[in-house]
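So the structure is just underneath, and the comments pick up after that.
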Amino acid sequence: MHKALLVVDVQNDFYETGSLPVKDASRINPVINKTMEHRSYKAILASQDWHPANHESFAVNQGKEPFSTFDNGKGIGPVLWPVHCQQDTHGAEFHKDISTENFDYIVRKGTHPHVDSYSIFKENNGADLGIASLLKALDIYELDICGLALDYCVRYTVLDALLFGFKINLIINATKGVEAQKGDVKKTLEEFKKAGVRFKEV
Ligand SMILES: [Zn+2]
1351 MHKALLVVDV
1361 QNDFYETGSL
1371 PVKDASRINP
1381 VINKTMEHRS
1391 YKAILASQDW
1401 HPANHESFAV
1411 NQGKEPFSTF
1421 DNGKGIGPVL
1431 WPVHCQQDTH
1441 GAEFHKDIST
1451 ENFDYIVRKG
1461 THPHVDSYSI
1471 FKENNGADLG
1481 IASLLKALDI
1491 YELDICGLAL
1501 DYCVRYTVLD
1511 ALLFGFKINL
1521 IINATKGVEA
1531 QKGDVKKTLE
1541 EFKKAGVRFK
1551 EV
C-alpha cells in the first residue's frame, strides 16, 4: 500500500496579496517544498480552483456581499466569495515559490459556472470527481494533506477522503485557514481530531 500527498489550492489569490487572502499563507511554502522532496509518495496531487468569470460562487454574480452565507441546494454555497481564481489569470496560478515540478497530477475544480467544488474529491452537489478511484487504482490508501484554506477546501477534502476510506495525516505546519468566521480554524481542527485525522509536522 502506498501514500500520496495532496497539495490543496496553493494559488496566488489565496496568498497575502490575493483577492481571498489567507493570513501568513506564504509561510507554508518552504514546508510544502520540503515535504515534496521526501519522494516517499507514490503520487503528489495538486488541486487548482479554476473558475469561469460567471461562476455563481462569486458574490458579485449573486448581487450579494462577499462572505454572505448562501445555499441554493444545488452546489453553490454555503458561502459566497470575492472573485478569485478565475481561469487563466495571475490569481489562479500556483504561487511562484512552490516547486510545481514535483506535481504528478493537477486537478482543476470549480470549472462549471453552476457548481462550486471545495473538495478535491467531490463537487459541492456531491458529484464524484473520480480522484478517490484514481488513487485506489494506484494502490494508495493513505494521504498526507496540506495547503489552503484549512477551514474550507482542506476541510472538505479531508472529510471526503475519510468517507472514501483513506487514512489521513494533516501536515499542521503546512496549512492555514481563511477564518471567514472567527473560530473556524479551531472548530475545524477539533472536528478533524474527533474524526481520527492524525496531525504531523514536517
Ligand atoms: Zn473557489
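Per the working numbering, the very first residue in the sequence shown carries number 1351; after that it's consecutive. We put the beta carbon where it would ideally sit given N, CA and C, even for glycine.
What span of residues does the beta strand (DSSP E) with A1442 cover, start to end?
On the sequence shown, position 92 is the one that residue 1442 refers to. Run containing A1442: none; DSSP gives neither H nor E here.
List the whole-angstrom C-beta distance separating Q1398 from V1457, where the pair is believed to meet the contact cut-off of C-beta under 8 Å.
Counted from its first residue, the sequence shown places residue 1398 at position 48. Counted from its first residue, the sequence shown places residue 1457 at position 107. About 7 Å separates the two Cβ atoms, so the contact holds.
Please report the Cβ distance between V1547 and I1518, rounded to the nearest whole angstrom; I am assuming they are in contact, meaning their Cβ atoms lie under 8 Å.
Your numbering for residue 1547 matches position 197 in the sequence shown. Your numbering for residue 1518 matches position 168 in the sequence shown. At roughly 5 Å, the Cβ-Cβ gap stays under 8 Å, so V1547 and I1518 are in contact.
Using a Cβ-Cβ cut-off of 8 Å (strictly less than) and excluding sequence neighbours within five positions of R1377, which residues of its own chain qualify?
Here residue 1377 refers to the residue found at position 27 when the sequence shown is read from its first residue. K1526, listed in sequence order.
For H1352, count neighbouring Cβ atoms within 10 angstroms of its own Cβ and tell me buried if that reaches 16, exposed if not.
As a position in the sequence shown, residue 1352 is number 2, starting the count at 1. So H1352 ends up on the exposed side.
CB of G1460 to nearest heavy atom of ligand 1: below 7 Å?
Translated into the one-based positions of the sequence shown, residue 1460 becomes position 110. The answer is yes for G1460.
Tell me the DSSP bridge mates of S1397?
For the purposes of this step, residue 1397 is identified with residue 47 of the sequence shown, where counting begins at 1. V1358, V1457.
Identify, in the order they occur along the chain, each residue of the same chain with its Cβ nearer than 7 Å to the Cβ of F1516, setting aside the five sequence neighbours on each side.
Working through the sequence shown from its first residue, we reach residue 1516 at position 166. Answer for F1516: Y1491, E1492, L1493, listed in chain order.
For Q1437, which residues in the same chain have their Cβ closer than 7 Å to its Cβ, ignoring the five residues on either side in sequence?
Position 87 of the sequence shown, counting from 1, holds the residue named residue 1437. For Q1437, where only same-chain residues beyond five positions count, the Cβ hits under 7 Å are W1400, H1401, P1402.
Excluding sequence positions up to five away, which residues of its chain have a Cβ less than 7 Å from the Cβ of A1530?
Reading the sequence shown from its first residue, position 180 is the one you call residue 1530. Counting only Cβ-Cβ distances below 7 Å, and skipping sequence neighbours, we find F1417, V1429.
Presumed contact (8 Å Cβ cut-off) between G1497 and V1381, rounded CB distance:
Taking the sequence shown and counting its residues from 1, the one referred to as residue 1497 is at position 147. Taking the sequence shown and counting its residues from 1, the one referred to as residue 1381 is at position 31. With 8 Å as the limit, G1497 and V1381 do not qualify as a contact, their Cβ atoms being about 11 Å apart.
Using only the alpha-carbon positions, how far apart do F1408 and K1550 sit?
As a working note, residue 1408 is residue 58 in the sequence shown. As a working note, residue 1550 is residue 200 in the sequence shown. Whole-angstrom Cα-Cα distance: 34 Å.
Would P1463 and E1415 qualify as a contact pair, given that the criterion is a beta-carbon distance under 8 Å?
Taking the sequence shown and counting its residues from 1, the one referred to as residue 1463 is at position 113. Taking the sequence shown and counting its residues from 1, the one referred to as residue 1415 is at position 65. No, they are not a contact pair.
Indicate the three-state DSSP secondary structure (helix, strand or coil) for T1385 in the structure shown.
Reading the sequence shown from its first residue, position 35 is the one you call residue 1385. T1385 falls in the helix class under three-state DSSP.
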